[in-house]
Amino acid sequence: MNNNFTGIMFYCKVREIRLLLNMNNIMRNFNAKQYYKLFEDWDDPVIKSHEKDEFKLIREIKNLEKKTIIDLGAGYGRILKTVSPLVKQIVGIDVNPEMFKELEKRANVYPNVTVLKEDVTYLSKLLKARNIVVHKPLLLCLQNTLGTIEGDWQKVLQGMKKVGKKYQGEIILSLYRQQALRDWGLMTYYHGSTMNGEPDLSKCNFDKGWFESKTGYTSKWWTDEEIKKLQELLGGENLQEIKTAQYYIIYLKYS
Ligand SMILES: C[S@@+](CC[C@H](N)C(=O)[O-])C[C@H]1O[C@@H](n2cnc3c(N)ncnc32)[C@H](O)[C@@H]1O
12 MNNNFTGIMF
22 YCKVREIRLL
32 LNMNNIMRNF
42 NAKQYYKLFE
52 DWDDPVIKSH
62 EKDEFKLIRE
72 IKNLEKKTII
82 DLGAGYGRIL
92 KTVSPLVKQI
102 VGIDVNPEMF
112 KELEKRANVY
122 PNVTVLKEDV
132 TYLSKLLKAR
142 NIVVHKPLLL
152 CLQNTLGTIE
162 GDWQKVLQGM
172 KKVGKKYQGE
182 IILSLYRQQA
192 LRDWGLMTYY
202 HGSTMNGEPD
212 LSKCNFDKGW
222 FESKTGYTSK
232 WWTDEEIKKL
242 QELLGGENLQ
252 EIKTAQYYII
262 YLKYS
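Heads up, our numbering is the position in the sequence shown plus 11, with the first residue counted as 1.
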């Protein structure tokens, strides 16, 4: 057996164990139907303008039709309908079995979408193990996915940077801001409490941008200082930023 094959087998085993652990007790209770209701069926002006700004940034990217998009924490496939006609290929990655079921179903409609039930904290390894070759990819981490990541968010950023640098890629990182958690954020969590559970005010820390619910759902909202550090960690060339009272979207590239 060659070393490469043994390595891949080992990686698959570790991944399987991690997924099982996650499924049993660690994973957030995301649910495609409820998530859809919370984000797409709801006429909240901030949710709508956040989505509009994310899409605007994507649409304005040069040579978009030649790009492969890697959507980290792709959820139920929110972006597929809008983005897949504009790009060469989308690779959507999600680890949550409930979300993945819907992602897989939606992906079937589009010939240029591939989906992977994988853990994005191992981005570089998983692309290699799945033989996914990308050139100048656009890596997306939208709608504060980084704040609800299963596992170590720093590993996700390091993986994005590694892949971005290696293949001269671009990154769009879309975050919720700490300042907005106390009012707008809390209101959205009450609205979505069937999925995320009722807010547990004794465990939330608004100054630190920490949300926690009575069912143990957590989410990190980012302070300006943290956002600056994330940008330093990613490096690259900052191409654009969209900053509102509630969200912060960063667009950068590696050359
Ligand atoms: C806040 S939702 C956002 C979904 C999607 N990005 C969107 O904008 O509609 C975060 C998603 O990331 C997924 N996720 C969290 N941690 C992950 C991980 N380590 N690997 C892969 N997916 C992950 C969750 O299952 C969930 O579907």
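Think of the CB as a built atom: it goes at the ideal place given N, C-alpha and C, for glycine as much as any other residue.
In terms of side-chain proximity, the C-beta atom of PHE41 is found nearer than 8 Å to a non-hydrogen atom of ligand 1.
Residue pairing for LYS254: DSSP places it in a beta bridge opposite TYR259. Residue pairing by DSSP puts LEU83 in a beta bridge opposite ILE104. For LEU241, the enclosing alpha helix (DSSP H) stretches over residues 235-245. Put simply, the backbone Cα of ASN40 is about 9 Å away from that of THR226. Taking 9 Å as the cut-off, the Cβ atoms of TRP232 and GLN169 do not count as close. Here ASN155 is actually not in contact with SER204; their C-beta atoms are around 18 Å apart, not less than 8 Å. The three-state reading of DSSP puts TYR121 in coil, since its state is none of H, G, I, E or B. For PHE66, the uninterrupted alpha helix (DSSP H) segment begins and ends at 56-70.
With a cutoff of 8 Å, ASP55 does not count as near ligand 1, since its C-beta is closer than that to no heavy atom of the ligand. GLU243 and GLU209 have their C-alpha atoms roughly 35 Å apart.
The shortest CA-to-CA distance from TYR87 to any of ALA43, LEU49, HIS61 is the one to ALA43.
Here DSSP, grouped into helix, strand and coil, assigns VAL98 to coil. At least one heavy atom of ligand 1 is found less than 8 Å from the C-beta of GLN154. Distances from the alpha-carbon of GLN179 to those of LEU150, PHE111, LEU49 put LEU150 closest. Distances between the C-beta of GLY162 and the heavy atoms of ligand 1 include at least one below 8 Å.
Under the three-state reduction of DSSP, SER230 is assigned to strand. Remark: fewer than three beta-carbon pairs, one from each stretch, lie closer than 8 Å, so the region 95-105 and the region 47-63 are not flagged as touching. Proximity of the beta carbon of THR132 to ligand 1 is indicated: a heavy atom of the ligand is located closer than 8 Å. Taking the Cβ of ILE90 as the reference point, at least one heavy atom of ligand 1 falls within a distance shorter than 8 Å. Between VAL126 and GLY103, the CB-CB gap stays under 9 Å. One alpha carbon belongs to ILE261, the other to ASP211, and they sit about 30 Å apart. Around the C-beta of ARG89, 16 or more other C-beta atoms lie within 10 Å, and the residue is accordingly described as buried.
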